[in-house]
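Novice: Could you have a look at this structure, given as C-alpha coordinates, before my questions?
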Amino acid sequence: MREKKYDYLIVGAGLFGATFAHLATKRGKRCLVIDKRSHVGGNVYCEEIEGINVHKYGAHIFHTSDRRIWDFVNSIVPFNRYTNSPLAKAPDGKLYNLPFNMNTFYQMWGVKTPAEAQAKLDEQRREAIKRMEDDGIKEPRNLEEQALTLIGRDVYEQLIKGYTEKQWGRPCSELPAFIIRRLPVRMTFDNDYFNDSFQGIPIGGYNLLIDGLLKGVDVKLGTDFFNNCECWRSVADKIVFTGKIDEFYDYRFGKLEYRTVRFETEVLDEPNNQGNAVVNYTSPDVPYTRIIEHKHFEAFGNAVYDNPKTVISREYSSEWCDGMEPFYPVNDKKNQDLYSRYRALADMERNVIFGGRLAEYKYYDMAPIIARVFNYFD
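Structure, rendered in C-alpha coordinates:
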(Lines of atoms letter the chains of each structure in order from A and count residues from 1; the text may use other names and numbers.)
(Lines give C-alpha, C1' and ligand atoms only; values in the text may rest on other atoms or scores of the structure.)
Protein backbone atom coordinates (compact mmCIF):
# COMPACT_ATOMS: atom_id res chain seq x y z
CA MET A 1 0.00 0.00 0.00
CA ARG A 2 1.37 3.40 -0.98
CA GLU A 3 2.48 5.49 1.99
CA LYS A 4 0.45 8.64 2.45
CA LYS A 5 2.39 11.77 1.67
CA TYR A 6 0.72 14.18 4.11
CA ASP A 7 -0.32 14.13 7.74
CA TYR A 8 -3.22 16.51 7.04
CA LEU A 9 -5.30 17.32 4.01
CA ILE A 10 -6.91 20.68 4.80
CA VAL A 11 -9.99 21.42 2.73
CA GLY A 12 -10.40 25.19 2.61
CA ALA A 13 -7.76 27.93 2.66
CA GLY A 14 -9.71 30.34 4.85
CA LEU A 15 -8.67 31.52 8.30
CA PHE A 16 -9.39 28.21 10.04
CA GLY A 17 -7.57 26.12 7.45
CA ALA A 18 -4.61 28.49 7.15
CA THR A 19 -4.17 28.74 10.93
CA PHE A 20 -4.40 24.96 11.31
CA ALA A 21 -1.82 24.45 8.56
CA HIS A 22 0.52 27.00 10.16
CA LEU A 23 0.41 25.45 13.64
CA ALA A 24 0.64 21.89 12.33
CA THR A 25 3.61 22.74 10.10
CA LYS A 26 5.43 24.36 13.03
CA ARG A 27 5.04 21.03 14.83
CA GLY A 28 6.67 19.15 11.99
CA LYS A 29 3.49 17.90 10.32
CA ARG A 30 3.11 17.74 6.56
CA CYS A 31 0.07 19.63 5.28
CA LEU A 32 -1.65 20.06 1.95
CA VAL A 33 -4.27 22.82 1.66
CA ILE A 34 -6.76 22.72 -1.19
CA ASP A 35 -9.44 25.25 -2.09
CA LYS A 36 -11.93 25.44 -4.95
CA ARG A 37 -11.48 29.20 -5.22
CA SER A 38 -8.69 30.81 -7.22
CA HIS A 39 -7.27 32.52 -4.12
CA VAL A 40 -6.40 31.73 -0.51
CA GLY A 41 -7.99 33.49 2.46
CA GLY A 42 -11.60 32.44 2.13
CA ASN A 43 -13.88 35.33 3.03
CA VAL A 44 -11.09 37.51 4.45
CA TYR A 45 -9.52 37.80 0.99
CA CYS A 46 -8.76 41.33 -0.21
CA GLU A 47 -8.63 42.50 -3.83
CA GLU A 48 -6.48 45.53 -4.58
CA ILE A 49 -8.38 48.13 -6.60
CA GLU A 50 -6.89 51.59 -7.28
CA GLY A 51 -4.30 50.97 -4.58
CA ILE A 52 -7.01 50.17 -1.99
CA ASN A 53 -7.45 46.79 -0.27
CA VAL A 54 -11.08 45.92 -0.94
CA HIS A 55 -12.67 43.41 1.44
CA LYS A 56 -14.04 41.19 -1.33
CA TYR A 57 -16.54 39.32 0.86
CA GLY A 58 -17.56 42.07 3.26
CA ALA A 59 -15.92 44.02 6.04
CA HIS A 60 -13.66 42.08 8.39
CA ILE A 61 -12.44 43.77 11.56
CA PHE A 62 -10.22 41.74 13.84
CA HIS A 63 -10.98 42.17 17.55
CA THR A 64 -10.15 40.22 20.69
CA SER A 65 -9.38 40.56 24.37
CA ASP A 66 -7.12 37.51 24.26
CA ARG A 67 -3.51 38.71 24.40
CA ARG A 68 -2.27 35.35 23.10
CA ILE A 69 -4.37 35.58 19.94
CA TRP A 70 -3.49 39.25 19.39
CA ASP A 71 0.24 38.55 19.76
CA PHE A 72 -0.08 35.56 17.45
CA VAL A 73 -1.62 37.44 14.51
CA ASN A 74 0.75 40.37 15.02
CA SER A 75 3.68 37.96 14.86
CA ILE A 76 2.59 37.20 11.30
CA VAL A 77 1.86 40.80 10.23
CA PRO A 78 1.54 44.00 12.31
CA PHE A 79 -2.00 45.34 12.72
CA ASN A 80 -3.06 48.99 12.54
CA ARG A 81 -5.18 51.03 14.95
CA TYR A 82 -8.53 50.83 13.11
CA THR A 83 -11.47 51.21 15.50
CA ASN A 84 -14.89 50.09 14.33
CA SER A 85 -17.35 52.97 14.78
CA PRO A 86 -20.20 52.44 12.31
CA LEU A 87 -22.97 54.91 11.53
CA ALA A 88 -26.58 54.23 10.65
CA LYS A 89 -28.65 56.26 8.21
CA ALA A 90 -32.23 55.90 9.48
CA PRO A 91 -35.66 56.25 7.83
CA ASP A 92 -35.91 59.76 9.30
CA GLY A 93 -32.88 60.73 7.17
CA LYS A 94 -30.58 61.32 10.15
CA LEU A 95 -27.23 59.69 10.89
CA TYR A 96 -26.89 57.90 14.23
CA ASN A 97 -23.85 56.49 15.99
CA LEU A 98 -23.60 52.78 16.71
CA PRO A 99 -23.59 50.88 18.98
CA PHE A 100 -26.40 52.42 21.05
CA ASN A 101 -24.71 54.93 23.33
CA MET A 102 -25.12 58.47 24.64
CA ASN A 103 -24.31 59.88 21.21
CA THR A 104 -27.17 57.81 19.74
CA PHE A 105 -29.60 58.92 22.45
CA TYR A 106 -28.60 62.57 22.08
CA GLN A 107 -29.16 62.32 18.32
CA MET A 108 -32.49 60.54 18.86
CA TRP A 109 -34.00 62.52 21.76
CA GLY A 110 -31.68 65.42 22.58
CA VAL A 111 -30.92 63.97 26.04
CA LYS A 112 -27.54 65.02 27.44
CA THR A 113 -27.07 62.95 30.60
CA PRO A 114 -27.17 59.20 31.31
CA ALA A 115 -30.06 59.78 33.73
CA GLU A 116 -32.14 61.49 31.05
CA ALA A 117 -31.37 58.72 28.52
CA GLN A 118 -32.18 55.99 31.04
CA ALA A 119 -35.50 57.62 31.90
CA LYS A 120 -36.46 57.75 28.20
CA LEU A 121 -35.45 54.13 27.65
CA ASP A 122 -37.32 52.94 30.74
CA GLU A 123 -40.45 54.83 29.68
CA GLN A 124 -40.49 53.13 26.26
CA ARG A 125 -39.63 49.73 27.69
CA ARG A 126 -42.56 49.97 30.11
CA GLU A 127 -44.88 50.78 27.21
CA ALA A 128 -43.75 47.64 25.37
CA ILE A 129 -44.08 45.42 28.44
CA LYS A 130 -47.56 46.79 29.16
CA ARG A 131 -48.70 46.02 25.60
CA MET A 132 -47.54 42.43 26.04
CA GLU A 133 -49.24 42.12 29.44
CA ASP A 134 -52.49 43.50 27.98
CA ASP A 135 -52.31 40.69 25.41
CA GLY A 136 -51.69 38.13 28.16
CA ILE A 137 -48.08 37.59 27.10
CA LYS A 138 -45.32 37.19 29.69
CA GLU A 139 -42.27 36.51 27.49
CA PRO A 140 -41.38 38.01 24.08
CA ARG A 141 -42.56 35.68 21.33
CA ASN A 142 -40.46 37.12 18.52
CA LEU A 143 -37.62 39.50 17.72
CA GLU A 144 -39.90 42.54 17.52
CA GLU A 145 -41.32 42.08 21.01
CA GLN A 146 -37.87 41.27 22.35
CA ALA A 147 -36.34 44.44 20.86
CA LEU A 148 -39.16 46.68 22.08
CA THR A 149 -38.75 45.42 25.66
CA LEU A 150 -34.98 45.94 25.50
CA ILE A 151 -34.61 49.27 23.71
CA GLY A 152 -38.06 50.84 23.16
CA ARG A 153 -40.05 51.98 20.15
CA ASP A 154 -37.92 54.85 18.76
CA VAL A 155 -34.58 53.05 18.52
CA TYR A 156 -36.28 49.88 17.29
CA GLU A 157 -38.17 51.61 14.48
CA GLN A 158 -35.32 53.86 13.36
CA LEU A 159 -32.28 51.59 13.77
CA ILE A 160 -33.29 47.93 14.13
CA LYS A 161 -36.48 47.00 12.30
CA GLY A 162 -35.70 47.84 8.67
CA TYR A 163 -32.08 46.69 8.80
CA THR A 164 -32.94 43.38 10.47
CA GLU A 165 -35.77 42.60 8.04
CA LYS A 166 -33.48 43.25 5.08
CA GLN A 167 -30.73 41.15 6.66
CA TRP A 168 -32.96 38.14 7.30
CA GLY A 169 -35.60 38.58 4.58
CA ARG A 170 -38.43 38.14 7.09
CA PRO A 171 -40.58 40.44 9.24
CA CYS A 172 -39.18 40.93 12.75
CA SER A 173 -42.48 39.59 14.07
CA GLU A 174 -41.60 36.24 12.44
CA LEU A 175 -37.98 36.04 13.60
CA PRO A 176 -37.10 34.23 16.84
CA ALA A 177 -36.54 36.37 19.92
CA PHE A 178 -33.20 34.74 20.76
CA ILE A 179 -31.47 36.51 17.86
CA ILE A 180 -31.28 39.64 20.05
CA ARG A 181 -31.59 38.37 23.60
CA ARG A 182 -29.23 41.17 24.53
CA LEU A 183 -28.64 44.54 22.91
CA PRO A 184 -25.52 46.52 23.83
CA VAL A 185 -26.54 49.80 25.46
CA ARG A 186 -23.87 52.19 26.75
CA MET A 187 -24.53 55.15 28.96
CA THR A 188 -21.29 56.77 27.80
CA PHE A 189 -20.32 58.79 24.72
CA ASP A 190 -18.33 55.88 23.29
CA ASN A 191 -18.70 54.93 19.61
CA ASP A 192 -16.30 51.96 19.70
CA TYR A 193 -18.44 49.07 18.49
CA PHE A 194 -16.42 46.43 20.32
CA ASN A 195 -15.61 46.08 23.99
CA ASP A 196 -12.43 44.12 23.27
CA SER A 197 -8.98 45.22 24.38
CA PHE A 198 -7.47 44.91 20.89
CA GLN A 199 -8.75 45.56 17.39
CA GLY A 200 -7.37 46.49 14.01
CA ILE A 201 -6.69 45.51 10.40
CA PRO A 202 -3.45 43.92 9.11
CA ILE A 203 -1.23 46.65 7.73
CA GLY A 204 -1.28 45.95 3.99
CA GLY A 205 -4.47 43.87 4.15
CA TYR A 206 -5.59 40.38 5.17
CA ASN A 207 -3.79 38.69 2.29
CA LEU A 208 -0.51 39.28 4.11
CA LEU A 209 -1.87 37.50 7.18
CA ILE A 210 -3.03 34.45 5.20
CA ASP A 211 0.15 34.33 3.09
CA GLY A 212 2.18 34.43 6.29
CA LEU A 213 0.17 31.61 7.84
CA LEU A 214 0.59 29.47 4.72
CA LYS A 215 4.31 30.14 4.24
CA GLY A 216 6.04 26.82 3.53
CA VAL A 217 2.71 24.96 3.17
CA ASP A 218 1.73 23.12 -0.03
CA VAL A 219 -1.39 24.75 -1.53
CA LYS A 220 -3.50 23.77 -4.53
CA LEU A 221 -6.13 26.27 -5.71
CA GLY A 222 -9.01 25.77 -8.13
CA THR A 223 -9.36 22.32 -6.61
CA ASP A 224 -12.73 20.97 -5.50
CA PHE A 225 -12.52 18.20 -2.89
CA PHE A 226 -15.86 16.78 -4.02
CA ASN A 227 -14.75 16.25 -7.61
CA ASN A 228 -12.62 13.31 -6.45
CA CYS A 229 -13.22 12.69 -2.75
CA GLU A 230 -11.79 9.18 -2.60
CA CYS A 231 -8.55 10.26 -4.20
CA TRP A 232 -8.17 13.20 -1.85
CA ARG A 233 -8.95 11.05 1.19
CA SER A 234 -6.02 8.84 0.26
CA VAL A 235 -3.33 11.53 0.28
CA ALA A 236 -3.29 12.20 4.04
CA ASP A 237 -3.77 10.46 7.37
CA LYS A 238 -6.37 13.00 8.50
CA ILE A 239 -8.69 15.53 6.90
CA VAL A 240 -9.41 19.00 8.25
CA PHE A 241 -12.69 19.96 6.62
CA THR A 242 -13.88 23.59 6.63
CA GLY A 243 -16.60 23.38 3.99
CA LYS A 244 -20.34 22.77 4.38
CA ILE A 245 -20.96 19.84 6.69
CA ASP A 246 -24.15 18.83 4.86
CA GLU A 247 -22.25 18.67 1.57
CA PHE A 248 -19.59 16.46 3.19
CA TYR A 249 -22.35 13.93 3.87
CA ASP A 250 -23.90 14.38 0.42
CA TYR A 251 -26.96 16.15 1.88
CA ARG A 252 -28.35 12.84 3.14
CA PHE A 253 -30.68 14.57 5.62
CA GLY A 254 -31.37 17.63 3.46
CA LYS A 255 -29.70 21.01 2.93
CA LEU A 256 -28.95 23.52 5.66
CA GLU A 257 -30.14 27.07 4.94
CA TYR A 258 -28.08 30.25 4.78
CA ARG A 259 -28.38 33.92 4.07
CA THR A 260 -26.04 35.24 1.43
CA VAL A 261 -24.73 38.68 0.49
CA ARG A 262 -24.26 40.25 -2.93
CA PHE A 263 -21.73 43.06 -3.30
CA GLU A 264 -22.00 45.94 -5.73
CA THR A 265 -18.53 47.52 -5.83
CA GLU A 266 -17.83 50.88 -7.46
CA VAL A 267 -14.74 53.04 -7.95
CA LEU A 268 -15.47 56.73 -7.37
CA ASP A 269 -13.47 59.69 -8.66
CA GLU A 270 -13.32 61.34 -5.26
CA PRO A 271 -11.03 60.76 -2.29
CA ASN A 272 -13.66 60.52 0.45
CA ASN A 273 -17.26 59.51 -0.14
CA GLN A 274 -18.92 58.89 3.22
CA GLY A 275 -16.21 59.73 5.76
CA ASN A 276 -16.49 56.38 7.50
CA ALA A 277 -15.75 52.74 6.74
CA VAL A 278 -19.24 51.43 7.56
CA VAL A 279 -22.64 53.11 7.18
CA ASN A 280 -25.75 50.98 7.75
CA TYR A 281 -28.97 51.86 5.91
CA THR A 282 -31.90 50.95 8.13
CA SER A 283 -34.74 52.20 5.93
CA PRO A 284 -36.77 49.46 4.19
CA ASP A 285 -36.93 51.77 1.17
CA VAL A 286 -33.16 51.38 0.60
CA PRO A 287 -32.48 47.95 -0.94
CA TYR A 288 -28.97 47.48 0.46
CA THR A 289 -28.09 46.97 4.11
CA ARG A 290 -24.89 49.00 4.25
CA ILE A 291 -22.14 50.72 2.30
CA ILE A 292 -18.49 49.97 3.00
CA GLU A 293 -15.84 52.52 2.02
CA HIS A 294 -12.73 50.38 2.08
CA LYS A 295 -9.94 52.92 2.28
CA HIS A 296 -11.04 53.96 5.80
CA PHE A 297 -9.88 50.58 7.12
CA GLU A 298 -6.26 51.53 6.47
CA ALA A 299 -6.09 55.30 5.91
CA PHE A 300 -6.80 57.64 8.81
CA GLY A 301 -7.28 61.39 9.13
CA ASN A 302 -6.12 63.43 6.16
CA ALA A 303 -4.29 60.41 4.77
CA VAL A 304 -7.55 59.44 3.02
CA TYR A 305 -6.86 62.32 0.60
CA ASP A 306 -3.49 60.87 -0.47
CA ASN A 307 -5.38 58.68 -2.95
CA PRO A 308 -7.69 60.72 -5.24
CA LYS A 309 -10.02 57.74 -5.72
CA THR A 310 -12.11 55.66 -3.35
CA VAL A 311 -13.92 52.31 -3.56
CA ILE A 312 -17.33 51.58 -2.05
CA SER A 313 -19.33 48.35 -1.82
CA ARG A 314 -23.10 48.17 -1.36
CA GLU A 315 -24.27 45.00 0.37
CA TYR A 316 -27.52 43.25 -0.53
CA SER A 317 -28.76 40.40 1.66
CA SER A 318 -30.84 37.55 0.22
CA GLU A 319 -31.76 33.89 0.61
CA TRP A 320 -28.99 31.49 -0.34
CA CYS A 321 -29.44 28.93 -3.08
CA ASP A 322 -27.09 26.57 -4.93
CA GLY A 323 -24.31 28.41 -6.74
CA MET A 324 -24.27 31.30 -4.26
CA GLU A 325 -21.75 31.84 -1.49
CA PRO A 326 -23.20 30.80 1.90
CA PHE A 327 -22.61 33.51 4.52
CA TYR A 328 -24.84 33.37 7.59
CA PRO A 329 -26.35 30.20 9.07
CA VAL A 330 -30.10 30.47 9.64
CA ASN A 331 -30.06 29.49 13.30
CA ASP A 332 -33.72 28.66 13.71
CA LYS A 333 -34.94 25.43 15.30
CA LYS A 334 -35.47 23.62 12.00
CA ASN A 335 -31.89 24.21 10.86
CA GLN A 336 -30.34 23.58 14.26
CA ASP A 337 -32.14 20.24 14.46
CA LEU A 338 -30.88 19.36 10.99
CA TYR A 339 -27.34 20.39 11.88
CA SER A 340 -27.49 18.22 15.01
CA ARG A 341 -28.08 15.18 12.82
CA TYR A 342 -25.01 15.98 10.72
CA ARG A 343 -23.02 16.76 13.85
CA ALA A 344 -23.82 13.30 15.20
CA LEU A 345 -22.24 11.80 12.07
CA ALA A 346 -19.21 14.07 12.40
CA ASP A 347 -18.70 13.04 16.02
CA MET A 348 -18.23 9.44 14.89
CA GLU A 349 -15.41 10.33 12.47
CA ARG A 350 -11.98 9.25 13.67
CA ASN A 351 -9.84 10.91 11.01
CA VAL A 352 -11.80 14.02 10.10
CA ILE A 353 -11.73 17.35 11.96
CA PHE A 354 -14.60 19.74 11.19
CA GLY A 355 -13.89 23.42 11.79
CA GLY A 356 -15.13 26.88 10.83
CA ARG A 357 -18.47 28.55 10.17
CA LEU A 358 -19.62 26.17 7.42
CA ALA A 359 -18.42 22.94 8.98
CA GLU A 360 -19.85 23.88 12.38
CA TYR A 361 -22.88 25.77 11.01
CA LYS A 362 -22.11 28.71 13.26
CA TYR A 363 -21.28 32.34 12.65
CA TYR A 364 -17.77 33.04 13.93
CA ASP A 365 -15.74 36.19 14.34
CA MET A 366 -12.10 35.80 13.37
CA ALA A 367 -10.48 35.62 16.81
CA PRO A 368 -12.73 32.76 17.99
CA ILE A 369 -11.80 30.86 14.82
CA ILE A 370 -8.13 31.09 15.80
CA ALA A 371 -9.01 30.13 19.37
CA ARG A 372 -10.78 27.02 18.03
CA VAL A 373 -7.61 26.00 16.19
CA PHE A 374 -5.46 26.68 19.26
CA ASN A 375 -7.70 24.31 21.21
CA TYR A 376 -6.86 21.42 18.91
CA PHE A 377 -3.14 21.87 19.49
CA ASP A 378 -3.31 22.74 23.18
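Numbering of the sequence shown is given in our numbering, commencing with residue 485 and proceeding in unit increments.
All residues carry an ideal CB built from backbone N, CA and C; glycine is no exception.
Closest to residue 497 by CA distance: which of 700, 694, 712, 815 is it?
Specialist: Here residue 497 corresponds to residue number 13 of the sequence shown, with the count starting at 1. Its Cα nearest to that of residue 497, the residue 694 stands out among 700, 694, 712, 815.
Novice: Quick one: complete beta strand (DSSP E) runs, 3+ long, within the stretch 641-687?
Specialist: The stretch 641-687 contains these whole beta strand (DSSP E) runs: 682-684.
Novice: Using the Cα positions of residue 740 and residue 727, report the straight-line distance between them to the nearest angstrom.
Specialist: If you number the sequence shown from 1, residue 740 lands on position 256. If you number the sequence shown from 1, residue 727 lands on position 243. Cα-Cα distance, rounded: 12 Å.
Novice: What number of angstroms, rounded off, separates the C-alpha of residue 658 from the C-alpha of residue 632?
Specialist: Start at 1 with the first residue of the sequence shown, and residue 658 comes out as number 174. Start at 1 with the first residue of the sequence shown, and residue 632 comes out as number 148. Each residue's Cα considered, the two are about 14 Å apart.
Novice: Using a Cβ-Cβ cut-off of 6 Å (strictly less than) and excluding sequence neighbours within five positions of residue 563, which residues of its own chain qualify?
Specialist: In the sequence shown, counting from the first residue as 1, residue 563 sits at position 79. So the qualifying residues of the chain are 684, 686.
Novice: Have a look at 784, 557, 772 and flag the residue whose alpha-carbon is nearest the alpha-carbon of residue 756.
Specialist: Within the sequence shown, residue 756 is the residue found at index 272, counting from 1. The shortest Cα separation from residue 756 among 784, 557, 772 belongs to 784.
Novice: Skipping 5 residues on each side, what residues in its chain have a beta carbon closer than 7 Å to that of residue 639?
Specialist: Along the sequence shown, one-based indexing puts residue 639 at 155. Answer for residue 639: 584, 592, listed in chain order.
Novice: Enumerate in chain order the residues of its own chain whose CB-to-CB distance from residue 485 is below 6 Å, with the five nearest sequence positions on each side excluded.
Specialist: Sequence index remark: in the sequence shown, residue 485 carries index 1 (1-based). Low confidence applies here, because residue 485 scores a pLDDT of 36, under 50, leaving its location unreliable; read the following figure in that light. Once the five neighbours on either side are set aside, residue 485 has no close Cβ partner at all.
Novice: Compute the beta-carbon to beta-carbon distance between residue 851 and residue 546, rounded to the nearest angstrom, for a pair I have assumed lies under 8 Å.
Specialist: As a working note, residue 851 is residue 367 in the sequence shown. As a working note, residue 546 is residue 62 in the sequence shown. About 7 Å separates the two Cβ atoms, so the contact holds.
Novice: Below 8 Å on the Cβ atoms is my guess for residue 774 versus residue 764; work out the distance and round it to an integer in Å.
Specialist: The count along the sequence shown starts at 1 and reaches residue 774 at position 290. The count along the sequence shown starts at 1 and reaches residue 764 at position 280. About 5 Å separates the beta carbon of residue 774 from that of residue 764, a gap short enough to meet the 8 Å contact definition.
Novice: Where does residue 715 sit, in a helix, a strand or coil, going by DSSP?
Specialist: Locating residue 715 in the sequence shown gives position 231, counting from the first residue. Of the three classes helix, strand and coil, the one that applies to residue 715 here is helix, per DSSP.
Novice: If we count Cβ pairs, one from each stretch, closer than 8 Å, do we get three or more for the stretch 660-668 versus the stretch 618-628?
Specialist: yes
Novice: According to DSSP, is residue 523 part of a helix, a strand, or is it coil?
Specialist: Counting from 1 along the sequence shown, the entry for residue 523 is found at position 39. In the structure shown, residue 523 sits in coil (DSSP, three-state: anything other than H, G, I, E or B).
Novice: Using a threshold of 9 Å, state whether the C-beta atoms of residue 853 and residue 556 are closer than that.
Specialist: Translated into the one-based positions of the sequence shown, residue 853 becomes position 369. Translated into the one-based positions of the sequence shown, residue 556 becomes position 72. In this structure, residue 556 does not lie closer than 9 Å to residue 853 by Cβ.
Novice: Which residues bound the beta strand (DSSP E) around residue 433?
Specialist: The shown model of the chain, from 485 to 862, leaves out residue 433, and the question about it has no answer.
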